[in-house]
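Residue numbers (my numbering): 1 to 170.
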């Protein structure tokens, strides 16, 4: 008789913040979204709700523009704000992801470039697809990389996931 163990497959969504404004005298960490960035984030949220599994948890940079992006998506999952995601390299992003509880099936990470695109490319074991090539060319503001993760979060390593979708909300 076949064993029916629950699937360990996870969905990881890496999102770059929406287009930000550049007000004079405002530190980079405190830059807000531009009106276009807010619109992008709303569209991203609509796309997430219509095409992806329900999001169970969110990791979000502490910058103002990432927090405003998350708010505009209207994703209602519990969020943890991680200062480590601000200016993070793929290894630092991965360090935050592997700490996620195993009960989380779908995780949204809201961060910055080059951290989000570099992490998506690093984790993707299928780097020669059309979506991967588009992502490599440009990972614009509010872009989303959706990866299928075949293991628990704490087992995730470079090239272990596969890129399922790359979406730029416009």
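For each residue, glycine too, the CB sits at the ideal point set by N, CA and C.
Within a Cβ cutoff of 7 Å, which residues of the same chain sit near residue i, ignoring the five residues on either side of it in sequence?
i	result
residue 148	9, 11, 161, 162, 164
residue 134	166
residue 113	16, 139
residue 100	57, 107, 153
residue 88	111, 115
So what's residue i in DSSP terms, helix, strand or just coil?
i	result
residue 45	helix
residue 156	coil
residue 125	coil
residue 93	helix
residue 63	coil
residue 20	strand
residue 118	helix
residue 25	coil
residue 37	helix
residue 10	strand
Going by the CB atoms, is the gap between residue j and residue i shorter than 8 Å?
i	j	result
residue 146	residue 115	no
residue 159	residue 125	yes
residue 45	residue 72	yes
residue 77	residue 97	no
residue 85	residue 79	no
residue 63	residue 29	yes
residue 82	residue 61	yes
residue 53	residue 136	no
Starting from the C-beta of residue i, find all residues in its chain whose C-beta is less than 8 Å away, skip the five residues before and the five after it, and write them out in chain order.
i	result
residue 20	31, 32, 33, 34, 37, 65, 141
residue 132	121, 124, 126, 163, 166
residue 47	144, 167, 169
With a CB to CB cut of under 6 Å and the five nearest residues on each side skipped, what residues in its chain are close to residue i?
i	result
residue 109	14, 59
residue 43	169
residue 102	152
residue 118	90
Would you say residue i faces chain C, with C-beta separation under 8 Å as the test?
i	result
residue 137	No chain C appears in this structure, which consists of one protein chain only.
Assuming residue i and residue j make a contact with CB atoms under 8 Å, what is their CB distance in whole Å?
i	j	result
residue 40	residue 25	Not a contact, Cβ separation roughly 25 Å.
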